[in-house]
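Asker: For the sequence shown, this note's numbering assigns the number 3 to the initial residue and increments by one for each residue that follows. Built from N, CA and C at the ideal position, the CB exists for glycine as well.
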Amino acid sequence: MRLHRLAVTAFGPFGGTQTVDFDDLSAAGLFLLHGPTGAGKTSVLDAVCYALYGSVPGARQGGGQGLTLRSDHAAPGTRTEVALELTVAGRRLEITRQPPWERPKKRGTGTTVDKAQTWLREYDTTAGTWKDLSRSHQEIGEEITQLLGMSREQFCQVVLLPQGDFARFLRADAEARGKLLGRLFDTRRFADVEKRLAERRRATETQVRDGDAELLADAHRMQQAAGDAMELPELGPGEPGLAEAVLGAAAVARSTAREQLTVAECTLTAAESAQAAAGRALDDVRELARLQQRHAEARERAARLEEGAGAYREAQALMERARKAEAVAPALDLRESADAEHRQASAAEARARALLPESFADAGVAGLAAAARRATEELGGLDSARRAERRLAELLDERAGLDRQERADADVLQEAEAWLDGWEETRTGLQARIDSAQRAAALAEQLAVRREPARQRLRAARLRDQLTEDTNRAVDRVRRAQEETLRAKQHWLDLKEQRLTGIAAELAANLTDGTPCAVCGATEHPAPARKVAGHVDREAEEDALAAYQRADEQRAEDERRLGAVREALAAATAEAGDTPTDRLAQETDELEKQYAQARQGAADLHSAQEALRQAGHEHERRVAVRQEAAVRTAARVGHRERLERERAALEEELDRARGDLDSVAARAAQLERRTALLTDAADAARVAEDTAQRLKVADARLADAAFRAGFETPQAAAAALLDNASHRELQHRLDTWLHEEAAVRAVLAEADTAAAAGQRPADVASAQQAADEATRRLRDAASAHDAAARRCAELDRLATRATASVRRLAPLREEYDRVARMAGLTAGTSADNERRMRLESYVLAARLEQVAAAATVRLRRMSSGRYTLVHSDDRTGRGRSGLGLHVVDAWTGRERDTATLSGGETFFASLALALGLADVVTDEAGGVRLDTLFIDEGFGSLDDQTLDEVLDVLDSLRERDRSVGIVSHVPDLRRRIHAQLEVVKGRSGSVLRQRGG
3 MRLHRLAVTA FGPFGGTQTV DFDDLSAAGL FLLHGPTGAG KTSVLDAVCY ALYGSVPGAR
63 QGGGQGLTLR SDHAAPGTRT EVALELTVAG RRLEITRQPP WERPKKRGTG TTVDKAQTWL
123 REYDTTAGTW KDLSRSHQEI GEEITQLLGM SREQFCQVVL LPQGDFARFL RADAEARGKL
183 LGRLFDTRRF ADVEKRLAER RRATETQVRD GDAELLADAH RMQQAAGDAM ELPELGPGEP
243 GLAEAVLGAA AVARSTAREQ LTVAECTLTA AESAQAAAGR ALDDVRELAR LQQRHAEARE
303 RAARLEEGAG AYREAQALME RARKAEAVAP ALDLRESADA EHRQASAAEA RARALLPESF
363 ADAGVAGLAA AARRATEELG GLDSARRAER RLAELLDERA GLDRQERADA DVLQEAEAWL
423 DGWEETRTGL QARIDSAQRA AALAEQLAVR REPARQRLRA ARLRDQLTED TNRAVDRVRR
483 AQEETLRAKQ HWLDLKEQRL TGIAAELAAN LTDGTPCAVC GATEHPAPAR KVAGHVDREA
543 EEDALAAYQR ADEQRAEDER RLGAVREALA AATAEAGDTP TDRLAQETDE LEKQYAQARQ
603 GAADLHSAQE ALRQAGHEHE RRVAVRQEAA VRTAARVGHR ERLERERAAL EEELDRARGD
663 LDSVAARAAQ LERRTALLTD AADAARVAED TAQRLKVADA RLADAAFRAG FETPQAAAAA
723 LLDNASHREL QHRLDTWLHE EAAVRAVLAE ADTAAAAGQR PADVASAQQA ADEATRRLRD
783 AASAHDAAAR RCAELDRLAT RATASVRRLA PLREEYDRVA RMAGLTAGTS ADNERRMRLE
843 SYVLAARLEQ VAAAATVRLR RMSSGRYTLV HSDDRTGRGR SGLGLHVVDA WTGRERDTAT
903 LSGGETFFAS LALALGLADV VTDEAGGVRL DTLFIDEGFG SLDDQTLDEV LDVLDSLRER
963 DRSVGIVSHV PDLRRRIHAQ LEVVKGRSGS VLRQRGG
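1) How about A981 and L32: are their beta carbons less than 8 Å apart?
2) Among D472, H493 and E648, which residue has its Cα nearest to the Cα of R563?
3) Please report the Cβ distance between E871 and L885, rounded to the nearest whole angstrom; I am assuming they are in contact, meaning their Cβ atoms lie under 8 Å.
4) Please confirm whether A245 and A221 have their CB atoms less than 8 Å apart.
5) Could you name each continuous alpha helix (DSSP H) segment of 4 residues or more that falls completely within the region 583 to 671, going from the start of the chain to the end?
6) With 16 other CB atoms within 10 Å as the buried threshold, where does L740 fall?
7) Given 8 Å as the limit, is there contact between the region 567 to 575 and the region 457 to 471, that is, 3 or more CB pairs closer than that?
8) Need the endpoints of the alpha helix (DSSP H) that A12 sits in, please.
9) Please name the residue or residues paired with Y125 in a DSSP beta bridge.
10) Buried or exposed, going by whether 16 or more other CB atoms sit within 10 Å of the CB of K987?
11) Where do the N-terminal and C-terminal ends of the beta strand (DSSP E) with W893 fall, by residue?
12) To the nearest whole angstrom, what separates the beta carbons of R256 and L797, a pair I think is in contact under 8 Å?
13) How many Å lie between L841 and T206 at the Cα?
14) Once DSSP output is grouped into helix, strand and coil, what is the label at D413?
15) What number of angstroms, rounded off, separates the C-alpha of L234 from the C-alpha of A801?
16) Is D467 helix, strand or coil when you go by DSSP?
17) According to DSSP, is P78 helix, strand or coil?
18) Within a Cβ cutoff of 8 Å, which residues of the same chain sit near L736, ignoring the five residues on either side of it in sequence?
19) Taking one C-beta from the region 477 to 493 and one from the region 577 to 587 each time, how about it: are there three or more such pairs within less than 8 Å?
20) Does at least one heavy atom of the ligand HEM sit under 7 Å from the Cβ of A354?
21) Alpha carbon to alpha carbon, what distance is there between S275 and Q733?
22) How big is the Cα-Cα spacing for A847 and D819?
23) What are the complete beta strand (DSSP E) segments, minimum 3 residues, inside the region 260 to 345?
24) Count the other C-beta atoms from every protein chain shown that fall within 10 angstroms of the C-beta of H787, then say buried if there are 16 or more, exposed otherwise.
25) Verify whether the separation of the beta carbon atoms of L35 and V972 is less than 8 Å.
26) State the Cα-Cα distance for the pair E897 and T147, rounded to the nearest angstrom.
27) Please list, in chain order, all residues of the same chain as G66 whose beta carbon is under 6 Å from its beta carbon, the five residues on each side excluded.
28) Could you pull out every residue in the same chain whose Cβ sits closer than 7 Å to the Cβ of E555, ignoring the five residues on either side in sequence?
29) Does DSSP put R353 in a helix, a strand or coil?
30) With respect to the alpha helix (DSSP H) encompassing F192, which residues constitute its N-terminal and C-terminal limits?
31) Classify K43 as buried or exposed, calling it buried when 16 or more other Cβ atoms lie within 10 Å of its own Cβ.
32) So, helix, strand or coil for E87, using DSSP?
33) Suppose the cutoff is 6 Å on Cβ atoms and the five residues either side in sequence are ignored; what does the same chain contact list for T1043 look like?
34) Would you check if the region 688 to 706 and the region 338 to 345 touch, i.e. whether three or more CB-CB distances between them fall below 8 Å?
35) What residues are listed by DSSP as bridge partners for H873?
36) Could you check whether the region 287 to 298 touches the region 757 to 770, counting it as contact only if at least three pairs of C-beta atoms, one from each stretch, sit closer than 8 Å?
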């Protein structure tokens, strides 16, 4: 990688655009980057890093996504930009980056933030032009990282050599050196491997312990199932031999359980045979007892049948008479039905005759029917009178309706006339409301045009008052800043004068015998000047100068703010004028009140127009209603006359039809009631005659049926007849006696029953006791057999489960042993790791050995062959080994610690170490050539001879076509190195001056 050109604009301390031509500086191989403290030497290196990676090293990045990179000296309209032209991997590229920019808004006040932008271009040597490659931050970052082969941190460690880190590295102990190497080489992946192995060891150990705990739990279950006859191994989870011990104890327990099961099976077979014999004996005794009991019961039942034989014969005779009476039952039922119908018909006839006049008391059926026909004929003659009566009622209702219509029309006419009398006054009032609302709307439009200018003028007046106060405060700040600047400047000039007065003593402080004086060149210094009390050194003068510059910058900033406030005040005054704010506020409030009143008046326009429209519709409706009422009144006069004529004719007809009653309806009701009574009486008399005849026929049939059944009278037949319940009860008694007699005879005829009756009484209790004892012994034997079988099954199940668990844990246990060995080896705790080196330390030791070998090549030249850096992996105390770094002194032939080097020796040793690290990291990053390097401070601690040797070593880098930039304050380097890049700071920002090359 070779840098060609760098351009920065508004970056860090550089307010304007500054350009660095690295091709010109690199022509000599060495170039010097110098300038006063705070001028911006580091910002040049930050710009290179920012162009490549989009960020600067360490805390200098700040917050705000890169907003802090902008120069405070830059003009508001100038955007921060960094452009770097370089060659890497044979490709010439140009990278341009612009960080986020907070700029003034183009419209209005305030600021806005523009996003960061990035461009990547490549030079086409064939066409001789630049071509765009990408504008994506991510794509450009990935492309640059891939080409360089290193991250931002590695770039800063290799290209921007951090001398302070390596000086600390030389004096550090093994632990601190390991942290620094880990940061330089990024060996976190090896630490992650150690951590991952430790985690896997813990995880597999936990799984093995869980599996052993489950295996022990199964062993306890087997011990419980075996009845504590099983002895458990005295081992815990994770201990070796646990699985084999558990499986051996399980095998012994299973063998014992099988022997116990065989004994239980033999005992069960014997108990089953004894229980079967006892059961058969009990069944025989029970059968004998049953037959003896059956025979005794049959004898008792036969005796009871003999005692009830007389009652059985009486029941048979009673059942025979009932069967004969059943033949007379239909005739009895017919006679009772006919008698009931006759009594009911006679009662109905008596009730119907009681409702008739006395003149019909002795009339027969024919007379009653004739009287009913005459009443019906007279009722038919009243139909015409009924129609006339209904029509007369309708006429009266119709005339009443005309009266109601006449009254309603009179009310309508009166209301319409009253409303129409006030129509003109209503119309005039509504039209006046409309005219007033229209005037208010026109006024509101005029006031609306004046509102916004008045509001804008009031806001400008208030801003004018605020800016007036801000201007007064800004004037005070400027005055105080000017006074502070004058005081700081005077203080700086006084200190500068005092220092110039005592400069001889300051130069004399650096004189040594044999060294030429920088003023006169003499090598002897017999009377050097001495510092007096109150002597001012360079640091005090520079502090005073920095204080003066800060005060001057603050004064310029206050003056800039005063100018901005005055410009804003002038703009506000131009818009608001000289009118006081209170008066403008009063005028604006009055205008707002007038506008609100006008808006309120204009709001009534729509409602007034709507009210006028509705009033017009109501006027038209009222006129139409009045006309319709007049037409209806004229039509009712002729209708009323026709109704009166028809009413008179109907009343004359009804007077003739009513007779002495009040109405035709009353006369018709009288005739209808008489007709109904006569008809009912005739029908009841006819039914009574029919039922009397049927009763005579039923009496004759009953007497004949009783005689034929063998009864002397019908009453005797009725007494012998049984109802259904009595008949069923008597039949059941007869059937029960016959069934019992047949059953007793059958039992007494059984041969086995008769034989059992001749034997001794059966002893069921003794046989039952013997059977119960046999059953109990069988139950106990079965329980013992079941327990033994369950024990065997449970032990087999648990043993199978334990065997499967052991097989399942075998690979896991092997993995745990393997992972534990690897974790112990990488963590340095294993006995196989003789030097107790962690994996990360081992890798860092290899890197340190490479760095020491590469650094020794340059260190020998810098120290005139005296010193050599060697790596040591010896242990220190009780700690771990691998990161020791010693220096071999060729003058003494002894190896000693690097912390014993002097300040100058430490510098060139750290420089050699840094250059060696650059070579190692470059090789690790893929062998990308680093043709441009920067080396930080530290040259001031070297004497002239050592400085020459160091510069020779750096100058030898040109042999590898490299250029080295030295960042230093040492004045002697300005004479030795002709190619220089000077950073000059000033009140308006720093500038770059390039010379030599």
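Answerer: On the basis of the coordinates in this document:
1) As a first step, residue 981 must be located in the sequence shown, where it is residue number 979. As a first step, residue 32 must be located in the sequence shown, where it is residue number 30. Going by C-beta atoms, A981 is nearer than 8 Å to L32.
2) As a position in the sequence shown, residue 563 is number 561, starting the count at 1. R563 has its Cα closest to that of D472, out of D472, H493 and E648.
3) Counting from one through the sequence shown, the residue named residue 871 turns up at place 869. Counting from one through the sequence shown, the residue named residue 885 turns up at place 883. Inspection of the sequence shows that residue 871 is occupied by Leu rather than by Glu. About 13 Å separates the two Cβ atoms, so there is no contact after all.
4) Here the question's residue 245 lines up with position 243 in the sequence shown. Here the question's residue 221 lines up with position 219 in the sequence shown. Cβ distance not < 8 Å, so A245 and A221 don't count as in contact.
5) DSSP assignment within the region 583 to 671 yields the following whole alpha helix (DSSP H) runs of 4 residues or more, N-terminal first: 583 to 604 and 607 to 660.
6) Numbered from its first residue, the sequence shown carries residue 740 at position 738. With fewer than 16 Cβ atoms within 10 Å of its Cβ, L740 is classed as exposed.
7) Between the region 567 to 575 and the region 457 to 471, the count of C-beta pairs closer than 8 Å reaches three or more; the two stretches touch.
8) By 1-based counting over the sequence shown, the position of residue 12 is 10. Careful: A12 lies outside any alpha helix (DSSP H), inside the beta strand (DSSP E) at R4 to F13.
9) Residue numbering aside, residue 125 sits at position 123 when the sequence shown is read from its first letter. Y125 is bridged to W132.
10) Locating residue 987 in the sequence shown gives position 985, where the first residue counts as 1. Label assigned to K987: buried.
11) As a position in the sequence shown, residue 893 is number 891, starting the count at 1. Here W893 belongs to no beta strand (DSSP E), and DSSP marks it neither H nor E.
12) Working through the sequence shown from its first residue, we reach residue 256 at position 254. Working through the sequence shown from its first residue, we reach residue 797 at position 795. Between L797 and R256 the Cβ distance is about 5 Å, and since that is below 8 Å, they are a contact.
13) Residue 841 sits at position 839 when you count from the first residue of the sequence shown. Residue 206 sits at position 204 when you count from the first residue of the sequence shown. The straight-line gap from Cα to Cα measures roughly 21 Å.
14) As a position in the sequence shown, residue 413 is number 411, starting the count at 1. Annotated three-state conformation of D413 is helix, per DSSP.
15) Here residue 234 corresponds to residue number 232 of the sequence shown, with the count starting at 1. Here residue 801 corresponds to residue number 799 of the sequence shown, with the count starting at 1. C-alpha separation (whole angstroms): 14 Å.
16) Residue mapping note: residue 467 aligns to position 465 of the sequence shown, counting from 1. Residue state, collapsed to three classes: helix.
17) Indexing the sequence shown from 1 puts residue 78 at position 76. If DSSP states are grouped into helix, strand and coil, P78 belongs with coil.
18) Within the sequence shown, residue 736 is the residue found at index 734, counting from 1. These residues qualify, in order along the chain: Y314, A317, Q318 and M321.
19) Between the region 477 to 493 and the region 577 to 587 there are fewer than three inter-stretch CB-CB distances shorter than 8 Å, so the stretches are not counted as touching.
20) The ligand HEM is not among the ligands present in this structure, which contains no ligands whatsoever.
21) What you label residue 733 is simply residue 731 of the sequence shown in a count that begins at 1. What you label residue 275 is simply residue 273 of the sequence shown in a count that begins at 1. Straight-line Cα distance between these residues: approximately 56 Å.
22) Against the sequence shown, residue 847 aligns to sequence position 845. Against the sequence shown, residue 819 aligns to sequence position 817. Their backbone Cα atoms lie some 28 Å apart in a straight line.
23) Considered as a whole, the region 260 to 345 harbours no complete run of any beta strand (DSSP E) with no fewer than 3 residues.
24) The count along the sequence shown starts at 1 and reaches residue 787 at position 785. Flag for H787 reads buried.
25) One-based indexing of the sequence shown puts residue 35 at position 33. One-based indexing of the sequence shown puts residue 972 at position 970. Not closer than 8 Å, so no.
26) On the sequence shown, position 895 is the one that residue 897 refers to. On the sequence shown, position 145 is the one that residue 147 refers to. Distance between the alpha carbons of E897 and T147: 41 Å.
27) Here residue 66 corresponds to residue number 64 of the sequence shown, with the count starting at 1. Because G66 carries a pLDDT of 44, less than 50, the predicted location of this residue cannot be relied on, and no value is offered for it.
28) On the sequence shown, residue 555 is found 553 positions in, with the first residue counted as 1. Once the five neighbours on either side are set aside, the close Cβ partners of E555 are R989.
29) Within the sequence shown, residue 353 is the residue found at index 351, counting from 1. Look at R353 here: in three-state DSSP terms it is helix.
30) For the purposes of this step, residue 192 is taken as residue 190 along the sequence shown, with counting starting at 1. Here the alpha helix (DSSP H) through F192 covers R190 to A227.
31) Start at 1 with the first residue of the sequence shown, and residue 43 comes out as number 41. Label assigned to K43: buried.
32) Walking along the sequence shown from the start, residue 87 turns up at place 85. In the three-state reduction of the DSSP assignment, E87 falls in the strand class.
33) Shown here, the chain extends from 3 to 999; a query on residue 1043 therefore has no answer.
34) Verdict: yes, contact present.
35) Numbered from its first residue, the sequence shown carries residue 873 at position 871. Bridge partners of H873: L887.
36) Yes, the region 287 to 298 is in contact with the region 757 to 770.
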